[in-house]
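For the sequence shown, counting from 1, position 215 maps to 196 in our numbering; every step adds exactly one. Glycine residues also receive a C-beta, built at the ideal position from the N, C-alpha and C atoms. Just so it is clear, the structure is predicted and the values come from calculations on it, not from any experiment.
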Amino acid sequence: MKFLSPNFLHWLWLALIPIALWLFRRKAKRVQVSTLLFFRTLAKEHQESAWLRRFKRILSLLMTLLVVLLAVMALAKPFREGGGETPKSLVILLDRSASMAAADGNGRTRMEEAKSQLKDRLSALPENVVTSLVVYDAKAEVTQSRSTNRRELLRMIQQAQPVPMEDRSDEALLVARRLAALDAPSEIWQITDEAAPQEPLTTEAPTEGVKPPKMRLLNVALESPVNCGITGFQIRPAPLARNRFEVFVEVTAGRANANPVETTLEARLDGRPVQLRQMTLKPGESNRLILPLEGGKGQRLEMEVRTPGDCLGWDNVAVSPLPETKPLVVAWFSDAPDPFVELALTSMLAEDRIQVLKGGVKDWPMKEKADVYVFENWVPTDWPTDRPALVLNPPNSSGPVHAKKLGSGVPYEAVRAVQPEHPVLYRVASGRVAVTQTTVLNVSDTLETLWMAGNEPVLAAGESGGQRLVVVAFTPGRSEQLALLSAFPLLVGNAIYWAAENNDALASLKAVRPGDLVEMPAGLVKWHAWTGTRFEETSQDAKGGWLELSQVGLVDGGDGRTLASLLISSHETDVPAQAKAMAAAGPEVSERWARGGNWSTSLLWLVLGVLLVESWLFHRQAVY
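This is the structure:
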């Protein structure tokens, strides 16, 4: 037997007090009375021999000493070593990612189930086992390190709450392995809704002579989850249209869904419904939609998915204010501009969507960098790689553009759209277009052919070295019917906006994710937060001018900047189901390898029992 707190054993000197009182007890006095009749009657009722009275007094002393001994031992926390494979240390990995907020039919979340299971299993754990607690989402946090304080461990477990973030268990496992190696032999308990523990990204060579920690998985996944959520969201200005936006939304059903689900997608603008779409999704299936909206700067857009029996609420909403569109700065270089190119750019000027800086070959390079370069009938020798570019009818090769000018144009009555879903061809009626090819393009591996005229590519787009590029191999002024259609202005507008899609000039709003650290003015910031069932107005303190996002919704820093914090995670939307084999193996985790245990509670109950016996001995069988 050993003691967890042997420093309390010095209180055993308290046993000297009852011994001293017993040794130096007062003797009975002789007092003269008028009659002994009453005392003789009392003596007959309590006739006891001298040895029995002496035995009772000694028994009373021994019981008093036993109470002192048991109380002191309870404070010292005695225990005996458990048998079998009792570890010296235990590391608990507790998942608190978004999917741990998934609830069953009774509203019990996976986190609540995890806490219940941990409490039951820790009750059989000897208190001499060193415990550590690591909670993790996108990052790992050690909330208790190498302690035998079981009450503090249970308190830290109870305080853990799920957060709307993705999980990264590989980093948490790496931290747990390092903690477990400090007190070997050890065990690691990972409690999560994932089907199987993930191995850490990097592993270290095991220390010679040290047994690696034993891994145990405590799975708390739902048996039959039903979930459907938003896994993609983006707002962009509609080409050539004022105060009109296009909202891209991707809705995904969880792969663990037992059956196809009927779901409804509702779009609200300042609380007013503006779009309603119904869809049927098979397990694991995604549906991508582009919804047209008309609104003004700052109006709040809320996209909400409603699915019967949905178990996770954080992924049901995407909320964002309509962005403030800024004009793109387009630098147009040409010594012989085509009037139709100028007409296309002028139509965008009328909508205040772009700002055009027109120059000739002599004006290259520019002192101030534009957002997009447009090269018409000319390409620079020193190719710019820091900005996207639209190249119209290049006369020769330069940089990623490989072209050769034709002596005379080759007319084609029609073109064939190779990639009709490409954003550059959005709303462009390719079937009615006739072009005159004036350049031969050599499309490299980095560019995709969008239009084919005969066997020749006449329109290509793609990325080269991180730079977006669109190349047009025909002259619009010499192309039949092109001047009478809106195809070419739409094509130019789409090409410019697609090339500059990642540019900050397109919108003043950037979507971020919970867990990101953003710069904010110091002080309280206001949240329009989604709790999973409704929106609430809350506040959070941005200490030191930085704020770690912890919720889903809109955060207003008070400096005119609004951030949209969105979950948007296909991994968390895909709420896992518990495997049958794993569910059956669950009780094995609570095996009684901890057969030793803490005796403090038993000793306290024994103290109470001794006190009751001594009370009975004094009051029912008097000792005098």
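Judged by DSSP in its simplified three-state form, Asp316 adopts coil rather than helix or strand. Proximity of the segment 237 to 256 to the segment 528 to 537 falls short of the contact definition, fewer than three beta-carbon pairs being nearer than 8 Å. By the CB criterion at 8 Å, Pro(-1) and Leu51 fall outside the cutoff. Nearest C-alpha to Ser267 among Gly213, Lys307 and Ala312: Gly213. With respect to the C-alpha of Asn(-12), the residue from Ile39, Arg34 and Met54 having the closest C-alpha is Met54.
Around Leu56, the same chain offers Phe(-11) as residues with beta carbons nearer than 6 Å, after the five sequence neighbours per side are excluded. Gln418 counts as buried, since at least 16 other C-beta atoms from the protein chains shown sit within 10 angstroms of its C-beta. Three or more Cβ pairs closer than 8 Å define a contact, and the segment 67 to 75 meets that threshold against the segment 154 to 174. As the crow flies, the alpha-carbon of Gly279 is around 17 Å from that of Pro273. Contact annotation: Trp432 and Val391 have beta-carbon atoms that are not nearer than 8 Å.
Ala248 sits in a strand when the DSSP states are folded into three classes. Under the three-state reduction of DSSP output, Lys343 falls in the helix class.
Within its own chain, the residues whose Cβ lies closer than 7 Å to the Cβ of Glu168, once the five positions on either side in sequence are excluded, are Pro68, Leu71, Pro194, Lys195 and Arg197, listed in chain order. When C-alpha distances from Arg225 are compared across Gly276, Gly380 and Trp597, the shortest belongs to Gly276.
Every alpha helix (DSSP H) stretch that sits fully inside the segment 259 to 340 and reaches 4 residues is listed by chain position as 320 to 331. About 33 Å separates the beta carbons of Met137 and Ile211, which is beyond the 8 Å limit, so they are not a contact pair.
Here Val382 carries a strand assignment [DSSP, helix/strand/coil].
Listed in chain order, the beta strand (DSSP E) runs fully inside the segment 372 to 456 are 384 to 393, 416 to 422, 428 to 434, 437 to 445 and 448 to 453, counting runs of at least 3 residues. With distances taken between CA atoms, Leu74 lies nearest to Ala95 out of Ser328, Thr427 and Ala95.
Taking 8 Å as the upper bound for CB-CB distance, Asp174 and Asn208 are not in contact here, some 12 Å apart. As the crow flies, the alpha-carbon of Trp313 is around 17 Å from that of Phe455. In summary, Glu517 is exposed, with fewer than 16 beta-carbon neighbours lying within 10 Å of its beta-carbon over all protein chains present. With contacts defined as CB atoms closer than 8 Å, Gly294 and Gly513 qualify as a contacting pair. Boundaries of the alpha helix (DSSP H) around Glu93: Arg91 to Leu103. Using a Cβ-Cβ distance cut-off of 8 Å, the segment 457 to 472 and the segment 407 to 416 are in contact, since at least three pairs of beta carbons, one from each stretch, lie closer than that value.
If the five residues before and after Gly265 are omitted, its C-beta is found closer than 7 Å to the C-beta atoms of Ala234 and Arg236, all from its own chain and listed in chain order. Considering only Leu47, Ala219, Leu(-7) and Leu257, the residue with the shortest C-alpha distance to Glu305 is Ala219.
The beta carbons of Val310 and Leu270 sit about 32 Å from each other, so the pair does not count as a contact at 8 Å.
Counting the other Cβ atoms within 10 Å of the Cβ of Ile39 gives fewer than 16, which makes it exposed. Inclusion of Gly526 and Ala503 in the CB contact set at 8 Å is warranted, their separation being smaller than that value.
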